[in-house]
Amino acid sequence: MKNSTLPQTAATGSTSAGSAPITASAASRRSFLKLLGTAAFAAPFIMRDLRANPPSNRVRLVAFGVGGMGGADLGTHAGVPGVEVVGLCDVDLNRAAGGRKRWPKAFFYQDYRELLDKEAKNFDAVTVGTPDHMHAPISISAMQLDKHVYCQKPLTHNLYETRRMTEIAREKKLVTQMGIQIHGEASYRTAVKALRDGVIGKIKEVWSFDGRNWGDAGKLPERTDEVPQNLNWDAWLGVAAARPFIGNGYYHPGNWRRRLDFGVGTLGDMACHIFDPVFGALDLGSPTSVISDGPAPNSWNWATRANVTLEFNGTPFTAGDKILVHWTDGGVRPPKAVLDLTRSADGKHNVPGSGSVFIGTAGVMVLPHIAWPRIYGRDDAAELNRKLSTPKLGYTVPRINHHAQFINAVRGEGKTEVNFDYAGPLTEAVLFGSVAVRFPKTLLKWNVRDITFDLAEANKFVRRQYRAGWEVKGA
259 MKNSTLPQTA ATGSTSAGSA PITASAASRR SFLKLLGTAA FAAPFIMRDL
309 RANPPSNRVR LVAFGVGGMG GADLGTHAGV PGVEVVGLCD VDLNRAAGGR
359 KRWPKAFFYQ DYRELLDKEA KNFDAVTVGT PDHMHAPISI SAMQLDKHVY
409 CQKPLTHNLY ETRRMTEIAR EKKLVTQMGI QIHGEASYRT AVKALRDGVI
459 GKIKEVWSFD GRNWGDAGKL PERTDEVPQN LNWDAWLGVA AARPFIGNGY
509 YHPGNWRRRL DFGVGTLGDM ACHIFDPVFG ALDLGSPTSV ISDGPAPNSW
559 NWATRANVTL EFNGTPFTAG DKILVHWTDG GVRPPKAVLD LTRSADGKHN
609 VPGSGSVFIG TAGVMVLPHI AWPRIYGRDD AAELNRKLST PKLGYTVPRI
659 NHHAQFINAV RGEGKTEVNF DYAGPLTEAV LFGSVAVRFP KTLLKWNVRD
709 ITFDLAEANK FVRRQYRAGW EVKGA
């Protein structure tokens, strides 16, 4: 292609920056949502007749998880005009100390069940920024009380929880948002618009990757440590099976991501971010099959790298009736044949440490996590790249405030883009990988209606049994 004019969109015939880059309607996701009783559903990111507060009302917010990412979400939401932080919940008194000092009038609990039981009438919305295994229990419990939910990624720890979160949010018409704040960045939104506009033609294949390593090849330490006075270990375990506490950061506060029962490894931590523009650009729904070509986890921990391939049904933005999306992490790069597609004039590969490579019928796009997209394989690539990264030229899509979008939607002002109708299929794709890695070199096919794999052993990981005393109504 020698012409540097950006193609028009198939849907609107427009290349204006005002077109919605990530939130266009998704035919393939409609089939997923029809299973939830939504045959007349118009667009995956619009939940009709939401149970939002009247415009201009204050939003009374409760945060579950006051340290780490939970604290970051809380601080950002609190900065939106009209938000009143009325409650805090954290199992660790030390990590909650900063939030309690900042909001001294907010009620505080270490056990989320006690807070919901005693304070249900005193708040409107929640943020959930806990370890992954508690996302669904807390979010579902809050939604059963008709509370709006902002939940960190991954949406849930297992596939069944993902489906229930999606169903309950729709049944109750609640405002929801999954915490993938990069969704709002101009670079990601511009890349999605360009892909949907056909700048590199129809997409044939995608390679997504991340250099992090949230795995551990080691065994469970043969020791038991004393639980710190500041930590409610029973509440930290929550729905997971009881076990002795191990200190020195083995579980808390950060290494839980490496442990099978509490996190989802690098795949769960990062693929929700990096798959987001893939889903937004291509209108992908739930995968149809998945296979892993990496090592299996041991009995306690995720492997130090993952290498999975997901197959999806084709969409109007793909080159065929099926499309493959690959994921690698732990330092594993896409194959040389893919890297070679990104060579610049000096012969160097131009693939970052984290991001995606989209292979199209008319070129290649490299989308770093997080930076402007770059086009290769077109004669006019240099001019296109300037247009894609220079806002004053009028093509780039402006940044949005992902957190403010949730608060405004709770007030009845607009809609959220990463609500659970969008985040559900996205999270399913991520959690597909977390099941596949347990069965290396075994193709797993998915029955989206029955929430089952064609392999009985794999179905054991679709849903977990919650610990006695920590059962959740409706989960």
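Quick note on the numbering used here: the sequence shown kicks off at 259 and runs consecutively.
Ideal Cβ placement from N, Cα and C applies to all residues, glycine included.
Spatial distance of residue 754 from residue 519 (CA atoms)
Residue numbering for the chain in the displayed model covers 259 to 733; residue 754 lies beyond these limits and cannot be assessed.
By the DSSP assignment, the beta strand (DSSP E) with residue 410 in it spans what residues?
406-410
Could you have a look at residue 350 and say whether DSSP puts it in helix, strand or coil?
strand
Cβ neighbours of residue 559 in the same chain (closer than 8 Å, five flanking residues each side left out):
473, 474, 475, 476, 516, 517, 518
Kindly provide the ranges of any beta strand (DSSP E) runs that are 3 or more residues long and lie completely inside the region 523-584, ordered along the chain.
547-550, 565-571
Would a C-beta distance cut-off of 7 Å place residue 488 and residue 642 closer than the cut-off?
no
Euclidean distance between Cα positions of residue 374 and residue 399
8 Å
Express the C-alpha separation of residue 713 and residue 456 in angstroms, rounding to a whole number.
38 Å
Quick check: the Cα distance between residue 408 and residue 445, rounded to an integer number of angstroms?
23 Å
Quick one: what's got a C-beta closer than 8 Å to residue 471's C-beta in the same chain, skipping five residues either side?
524, 562, 563, 587, 588, 589
CA nearest to the CA of residue 326, picked from 342, 317, 387, 370
387
Flag this pair as yes or no: are the beta carbons of residue 732 and residue 439 separated by less than 7 Å?
no
Looking at the structure shown, is residue 713 part of a helix, part of a strand, or coil, going by DSSP?
coil
Stretch-stretch touch, CB-based, cutoff 8 Å, three pairs: the region 414-429 with the region 598-607
no
Tell me the DSSP secondary structure of residue 428 in three-state form.
helix
Proximity of residue 662 and residue 585 at Cβ, strictly below 7 Å:
no
Of the listed residues 463, 656, 720, 505, nearest to residue 620 (C-alpha basis)
463
By Cβ distance below 8 Å, which residues in the same chain neighbour residue 328 in space, the five residues on each side in sequence not counted?
321, 322, 348, 385, 386, 387, 388, 410
Secondary structure, beta strand (DSSP E): runs of 3+ residues fully inside the region 617-701:
621-626, 632-634
Indicate whether residue 568 and residue 545 have their beta-carbon atoms separated by less than 7 Å.
yes
Check residue 468 in the structure and name its three-state DSSP category.
strand
What do you get for residue 648, buried or exposed, if any count of 16 or more other CB atoms within 10 angstroms of its CB means buried?
exposed
With respect to the beta strand (DSSP E) encompassing residue 319, which residues constitute its N-terminal and C-terminal limits?
317-322
As assigned by DSSP and simplified to three states, the class of residue 615
strand
Suppose the cutoff is 6 Å on Cβ atoms and the five residues either side in sequence are ignored; what does the same chain contact list for residue 719 look like?
693
Going by DSSP, name the residue or residues bridged to residue 487.
In the DSSP output, where bridge partners are listed per residue, residue 487 has none listed.
Please classify residue 542 as buried or exposed, where buried requires at least 16 other C-beta atoms within 10 Å of its C-beta.
buried
Span separating the alpha-carbon of residue 431 from that of residue 397
14 Å
Give the C-beta separation of residue 549 and residue 699 to the nearest angstrom, bearing in mind that I take them to be a contact with Cβ-Cβ under 8 Å.
7 Å
Classify residue 468 as buried or exposed, calling it buried when 16 or more other Cβ atoms lie within 10 Å of its own Cβ.
buried
Anyone know if the C-beta pair for residue 441 and residue 607 falls short of 7 Å?
no
Among 507, 536, 379, whose alpha-carbon lies nearest the alpha-carbon of residue 572?
536
Distance CB(residue 461)-CB(residue 576) smaller than 7 Å
yes
Taking residue 433 as the reference, give the member of 406, 454, 390 with the closest Cα.
406
Rounded to whole angstroms, what is the Cα-Cα separation between residue 309 and residue 678?
15 Å
So what's residue 331 in DSSP terms, helix, strand or just coil?
helix
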